[in-house]
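Visitor: Mind having a look at this structure? Questions to follow.
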Amino acid sequence: MCVPSSSLPKRRGLARAVLTVWGLACGSLLALPGCEGDVHKDIHEQIYVLVTRQDLWADKAARALESHGLRALPQIETALHTARPEGRARLVEVLARIEHPDSAHLLRHVTLHDVDPRVRTLGERTLKAFARAGAHPQLAREASQALAWVVQERELGDTPLVREADPPPRTP
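So for the sequence shown, our numbering puts the first residue at 157; every next one is plus one.
And the structure:
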């Protein structure tokens, strides 16, 4: 069968358009994991700024972490174990601003186990504020349960974790 030469450019143009759309769709799907990695990296960088600085950059980092919301919680949890007390206090403040029910579990741990009494107090105050959060019933419920757990553990004699402030340097 012979195809008229006048229809070949139309078919080539259609085939080119289909391949272009297909290529863009595949490229977009392949780029999605890269976007998630960028978010993870941004959260890490914002946490670093928040726990190491005490200026406008730290305030900007706190707002950026707040905008990430739930996605920032796993990295905030890690930083709560490694940051200095001032940084941990700022992380607790970010958890207060995120206002997500999952943050109650992190605050529960901080309230009971943090070495610094200021951080423990800030964690407890935040949980109490969450427990009164009428606009967020699930958050209020999680915070109330966390506070009850803290009281129960304290009655059983659970105390803050104790660790050396600055361990001695290792000698080779």
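Ideal Cβ placement from N, Cα and C applies to all residues, glycine included.
Residues in the same chain with beta-carbon distance under 8 Å from K284, minus the five sequence neighbours each way, listed in chain order, please.
Guide: Once the five neighbours on either side are set aside, the close Cβ partners of K284 are A299, L303.
Visitor: Under a Cβ-count criterion, where at least 16 other Cβ atoms within 10 Å of its own Cβ denotes burial, should D314 be classed as buried or exposed?
Guide: Answer is exposed; the Cβ neighbour count stays below 16.
Visitor: Evaluate contact between the stretch 227 to 240 and the stretch 210 to 218, counting only Cβ atoms and requiring at least three cross-stretch pairs below 8 Å.
Guide: With the cut-off at 8 Å, the stretch 227 to 240 and the stretch 210 to 218 do not touch.
Visitor: Using the three-state DSSP reduction, which class does V221 fall into: helix, strand or coil?
Guide: According to the sequence as given, residue 221 is Leu; it is not Val. Here L221 sits in helix by DSSP.
Visitor: How would you call R141, buried or exposed, if buried means at least 16 neighbouring beta carbons within 10 angstroms?
Guide: Since the displayed the chain opens at 157 and closes at 328, residue 141 lies outside it and no answer follows.
Visitor: When we look at the beta-carbon of S184 and count the other beta-carbons within 10 Å, is it buried (16 or more) or exposed?
Guide: For S184, the predicted model reports a pLDDT of 45, less than 50, meaning its position is unreliable and no value from the coordinates is stated.
Visitor: Label S223 either buried or exposed according to how many other C-beta atoms from any shown protein chain fall within 10 Å of its C-beta, with 16 as the threshold for buried.
Guide: Under this definition S223 is an exposed residue.
Visitor: Taking only runs that begin and end inside the stretch 213 to 300, name each unbroken beta strand (DSSP E) of 3 or more residues, in chain order.
Guide: Taking only runs of at least 3 residues, no beta strand (DSSP E) segment lies wholly in the stretch 213 to 300.
Visitor: Just the C-alpha distance for D198 and A228, rounded to the nearest angstrom, thanks.
Guide: Computed Cα separation, rounded: 10 Å.
Visitor: Would you tell me roughly how many angstroms separate the C-alpha atoms of V271 and P257, rounded to the nearest one?
Guide: Distance between the alpha carbons of V271 and P257 is about 24 Å.
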